[in-house]
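Scroll down for the structure; my scribbles are underneath it.
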Amino acid sequence: MGVRFSSIRPWFLPHTGDQLKPIAHMAHTPDEWLVRFHAILTQAGVRLTPLYGTCLGFFRDNRIIPGDTDADFGIALSDLPAVRSCVPALLAAGFYISGRGNYQLTFSMPNSSFYIDIWPYKALSFPLTVLDRKSTRLNSSHLVISYAVFCLKKK
Numbered sequence: 028m029g030v031r032f033s034s035i036r037p038w039f040l041p042h043t044g045d046q047l048k049p050i051a052h053m054a055h056t057p058d059e060w061l062v063r064f065h066a067i068l069t070q071a072g073v074r075l076t077p078l079y080g081t082c083l084g085f086f087r088d089n090r091i092i093p094g095d096t097d098a099d100f101g102i103a104l105s106d107l108p109a110v111r112s113c114v115p116a117l118l119a120a121g122f123y124i125s126g127r128g129n130y131q132l133t134f135s136m137p138n139s140s141f142y143i144d145i146w147p148y149k150a151l152s153f154p155l156t157v158l159d160r161k162s163t164r165l166n167s168s169h170l171v172i173s174y175a176v177f178c179l180k181k182k
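In this note's numbering, the protein residues as written are 28 to 182.
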């Protein structure tokens with residue numbers, strides 16, 4: 028069945044107040060935070076896929092939509108070990124794990140109401156086969172995948 032996020036989720040414990048004291052003075056704009064976050068993860072080979080409003084803002088204006096309070100990125104489930112190895116560097120740069128839902132990780136930053144959600148996804152092989160039949164119907168997951176691919180292809 029492969030790796031499931033529920034088995035990896037315990038790797039990402041929210042940081043404690045004592046761990047946040049050294050970064051409490053840091054302050055940046057959302058765009059500056061994103062540049063820092065992207066640099067750390069891509070250096071480790073993690074590919075970030077913008078999702079939802081983040082994708083829309085990047086597509087329309089090449090930036091976060093003004094007033095948006097978060098950024099959403101998809102990453103391959105197989106990249107989570109690399110993300111885990113980046114946690115010390117992320118913390119040193121001002122990013123701390125503030126939450127972890129059933130399907131996402133949330134990184135927050137000091138002195139900012141802006142946060143970054145990471146949505147792990149399982150890589151799929153196309154065409155999809157469901158119950159030994161090729162899938163020909165579109166559903167919401169096809170739309171999210173298509174939207175993310177569309178945003179990645181825009182240059």
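Every residue, glycine too, gets a C-beta built ideally from N, C-alpha and C. If you're wondering where the values come from, they're calculated on a predicted model, not measured in any experiment.
{"Query": "Distance CB(Asp106)-CB(Val73) smaller than 8 Å", "Result": "yes"}
{"Query": "Own chain residues within Cβ distance below 6 Å of Ile50, not counting five before or after", "Result": "Gly121, Pro137"}
{"Query": "Beta bridge counterpart(s) of Arg87 as assigned by DSSP", "Result": "BP columns for Arg87 are empty, so no partner."}
{"Query": "Straight-line gap, Cys82 to Ala98 (C-alpha atoms, nearest Å)", "Result": "9 Å"}
{"Query": "8 Å CB neighbourhood of His42 in its chain, flanking five on each side removed", "Result": "Leu118, Tyr123, Ile124, Ser125"}
{"Query": "Closest by C-alpha distance to Pro93, when choosing among Gly128, Thr69, Phe141, Ala150", "Result": "Phe141"}
{"Query": "6 Å Cβ shell around Ala103 - same chain, five flanking residues per side excluded", "Result": "Ala150"}
{"Query": "Per DSSP, cross-strand counterpart(s) of Tyr148", "Result": "Ala103"}
{"Query": "Ala98 - partner residues in DSSP beta bridges", "Result": "Ile143"}
{"Query": "Three-way DSSP call (helix, strand, coil) for Thr43 in this model", "Result": "coil"}
{"Query": "When Val114, Asn129, Tyr148, Pro147 are compared against Ser135, the one with the closest alpha-carbon", "Result": "Val114"}
{"Query": "Contacts around Trp146, its chain only, beta-carbon distance under 8 Å, and the 5 residues preceding and following it disregarded", "Result": "Leu78, Asp99, Phe100, Gly101, Ile102, Tyr130, Gln131"}
{"Query": "Close-in-space but distant-in-sequence residues of the same chain around Ser34 (CB under 8 Å, 5 per side omitted)", "Result": "none"}
{"Query": "When Ala71, Thr56, Phe39 are compared against Thr96, the one with the closest alpha-carbon", "Result": "Thr56"}
{"Query": "Terminal residues of the beta strand (DSSP E) in which Phe134 lies", "Result": "132-135"}
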